[in-house]
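Residue numbers (this note's numbering): 3 to 563.
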């Protein structure tokens, strides 16, 4: 990153050349003296001519001395008028990034429907800061944005079994013959930030998921109950709302696409219950994928310290705008944190507010990346694009004529540089929208029009509360696709993969983990999610689950909630 005004010299300087004068200036020591023949008649005339000649030479010498100084002064004067003009450019301009000047938010993409209209703050209510060079303090920034950053406390009820660990109690019974123990509340904590004056707050889905009570604490000590408006597990974004008599101070959403590696950022949150902790760092990288194994992973990496409890808090630029939602950390390092880009949240929040969930587009293909060997086999000049390994039956892709072996290189005008970009682009496309997909087939490019379908998202709660299924045990599962099998290094697609565990649930207490593959339930093979739910629904008290974890195969007893 370039810091300070002195870094202007990092740009290559053009030599200062007075316009139109270069060819007339003779090099030192190369000037030719002009010989003037004195007239024969009159020494006085000869002397006068000599005097005028000397005066002319002195004038030329003085002019040559003054000319470089005048040129330098003119250059500085032009530069002085040019700086404000350059500073008025968009955030991507050099001086905007250098001086930290605030700019207007990037224009939102036009979408149909009232729910697509932004309801968050687009202009900061917080006075903009204009740091000169490297900031010497973040105190003013933190003081101004802290009222819009909140701490979130959650709680939910779990059953308490103090007499014996449940995996033993299921098979050996309670040593004292007691049944179910008393219930207790399990508490959680996270962070969030206010995005509208009427009380809408953004946080992570995993902060509020499964919560029975949500309390939002503000910097001035005010505490208000909150309700969940909508959640999106795929991007780990949740929208909650508090009711307040007056208007709240909201923080503006910036443009995460304009942020660059090396930019200064500040993280504010509630790590380990320490409210409104401020840490600072830089953006280390962008477009980090395979962080949590999701199809829509596209994280910003930062070295600003993020710890448990920071989840859902804002990552803020020096203009006081949110550019990311702090979400994940690398537990082996305290300087590697990951945030959801705020531009991704802008695509999700209107739907969460309007319908409580996100409806995504569906293409109906299984894709993989290209290796140099695959690119050569398909007669491709590079490894860009997404290789279609399977076309799902009855999908929009099948109806449009896509085939396995096609390489998708462009989706509706957007080049596919990295194969993982395609699921996000398709997901952000509205259902029933017609798009043009460009594929390479047998070495030739083909344009294929496709009408995008609707992705069937799993329900956030059981449709039949009376029957047991994986959600009753606190399990989130997915069928194993070729893509998932490749990511988990599985030899086949047998079983169902565990994609999430709710804290305090039977699955959590039994010791199941994300990434486990469920092969059997009560000695019956499991082929897909539907069979898993059917087998779990037959259980009365407990089930015996066979899982594959890495290279090991384990039996785990799990008691029904």
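Just so you know, even glycine gets a beta-carbon here, dropped at the ideal spot from N, CA and C.
Candidates the options, of which the one nearest residue i by Cα
i	options	result
residue 244	216, 268 and 264	216
residue 364	352, 436, 119 and 123	436
residue 516	478, 222 and 555	478
residue 415	439, 394, 429 and 423	439
residue 429	206, 202, 236 and 442	236
residue 259	278, 343 and 561	343
residue 558	380, 546 and 224	546
residue 283	267, 358 and 399	267
residue 208	328, 483 and 383	328
residue 198	188, 393 and 125	125
residue 566	148, 287, 335 and 396	Because the chain here runs from 3 to 563, residue 566 falls outside it and cannot be looked at.
residue 201	149, 238, 474 and 234	149
residue 158	520, 554, 242 and 211	211
residue 241	356, 431, 286 and 319	356
residue 254	448, 533 and 123	123
residue 155	145, 273, 421 and 238	273
residue 518	485, 552, 341 and 524	552
residue 489	138, 293 and 441	293
residue 137	405, 262, 319 and 213	319
residue 492	554, 525, 540 and 222	554
residue 569	521, 394 and 213	For the chain, the structure presents residues 3 to 563; residue 569 sits outside this window and is missing.
residue 145	192, 222 and 193	222
residue 119	348, 248 and 288	348
residue 379	393, 394, 407 and 392	407
residue 512	533, 485, 539 and 556	556
Assumed close pair residue i, residue j - CB separation to whole angstroms, cut-off 8 Å
i	j	result
residue 275	residue 314	About 14 Å; that fails the 8 Å criterion.
residue 152	residue 121	Not confirmed; about 18 Å, so no contact.
residue 256	residue 204	13 Å between Cβ atoms; not a contact.
residue 451	residue 402	7 Å
residue 426	residue 234	Not a contact, Cβ separation roughly 13 Å.
residue 279	residue 304	Between residue 304 and residue 279 the Cβ distance is about 15 Å, and since that is not below 8 Å, they are no contact.
residue 443	residue 400	In fact, because the Cβ distance is near 15 Å, the residues do not count as touching under 8 Å.
residue 193	residue 271	4 Å
Those residues which DSSP pairs with residue i across a bridge
i	result
residue 560	545
residue 234	239
residue 446	443
residue 325	DSSP lists no partner for residue 325.
residue 365	Answer is none; residue 365 lacks a bridge partner.
residue 205	240
residue 287	303
residue 120	Note: residue 120 sits in no beta bridge, so no partner.
residue 227	217
residue 551	554
residue 199	In the DSSP output, where bridge partners are listed per residue, residue 199 has none listed.
Chain-order list of residues whose beta-carbon lies under 6 Å from that of residue i (same chain, five-residue window excluded)
i	result
residue 331	308 and 339
residue 462	The predicted position of residue 462 is uncertain, since its pLDDT is 38 and thus under 50; no value can be drawn from it.
residue 487	495
residue 230	210 and 242
residue 345	258 and 259
Chain-order list of residues whose beta-carbon lies under 7 Å from that of residue i (same chain, five-residue window excluded)
i	result
residue 424	369, 388, 410, 413 and 418
residue 476	503, 504, 507, 508, 509 and 510
residue 398	364, 365, 366, 452, 453, 454 and 455
residue 481	498, 530 and 531
residue 445	381
residue 250	196, 199 and 201
residue 374	385
residue 433	361, 363, 454, 455 and 456
residue 286	263, 303, 304 and 305
residue 533	none
Residues near residue i by beta carbon distance below 8 Å, same chain, minus five either side
i	result
residue 39	For residue 39, the predicted structure reports a pLDDT of 44, less than 50, and the residue's modelled location is therefore unreliable. A value from the coordinates is still provided. Correct list: empty, nothing qualifies.
residue 225	217, 218 and 219
residue 306	267, 268, 269, 281, 282, 283, 284, 317 and 339
residue 514	477, 500, 503, 547, 549, 558 and 560
residue 537	523, 524, 526, 528 and 545
residue 447	411, 440 and 441
residue 252	122, 123, 127, 150, 196, 197, 198 and 199
residue 483	368 and 495
residue 298	236, 237, 346, 425, 426 and 429
is_contact[residue i, chain C] using C-beta, thresh 8 Å
i	result
residue 202	In summary, chain C is missing from the structure at hand, where a single protein chain is found.
Near the ligand ADP: residue i beta-carbon under 7 Å from a heavy atom
i	result
residue 503	The ligand ADP is not among the ligands present in this structure, which contains no ligands whatsoever.
Hey, is the stretch 369-380 in contact with the stretch 337-355, meaning 3+ C-beta pairs nearer than 8 Å? no
Touching or not, the stretch 521-537 and the stretch 495-511, by the rule of three or more beta carbon pairs under 8 Å? yes
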